[in-house]
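For the sequence shown, the working numbering assigns the number 288 to the last residue and increments by one with no breaks.
From the three backbone atoms N, C-alpha and C, an ideal C-beta is built for every residue, glycine too.
So the structure is just underneath, and the comments pick up after that.
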Amino acid sequence: MQREFQFNMSYSHEFIYDINASKTITNVTKDILAEIQQKAFYMTSIFDWIRFSMGFTTIFVVLKAIKYRCVSLERIISSFVQQN
Numbered sequence: 205m206q207r208e209f210q211f212n213m214s215y216s217h218e219f220i221y222d223i224n225a226s227k228t229i230t231n232v233t234k235d236i237l238a239e240i241q242q243k244a245f246y247m248t249s250i251f252d253w254i255r256f257s258m259g260f261t262t263i264f265v266v267l268k269a270i271k272y273r274c275v276s277l278e279r280i281i282s283s284f285v286q287q288n
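And the structure:
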């Protein structure tokens with residue numbers, strides 16, 4: 205029974221790799237960064253607009269808060285003067 209399932213197997217593998225660089229690492233890096241910037245252009249422009257609008261909104265809210273504080277201070281003073 206053992207002879208029926210007994211077999212020999214041999215395996216040989218050879219891997220030859222030849223490196224022939226057509227570009228330097230810095231050129232490859234620059235190409236990759238340029239491609240990423242090109243593909244992400246629309247996203248960066250959207251984020252630029254969001255950043256601009258958030259800054260404008262923050263300034264607007266601060267100015268409204270200052271105006272509200274001044275107006276409510278005037279109301280308090282005028283109501284105090286009217287009571288006396």
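So is the beta-carbon of residue i under 7 Å away from any non-hydrogen atom of the ligand COA?
i	result
Q242	No copy of the ligand COA occurs in the structure displayed, which carries no ligand at all.
Could you pull the start and end residues of the alpha helix (DSSP H) that residue i belongs to?
i	result
D235	I229 to K243
Spatial neighbours of residue i within its chain, please: CB distance less than 7 Å, with the 5 preceding and 5 following residues excluded, ordered by chain position.
i	result
Y215	none
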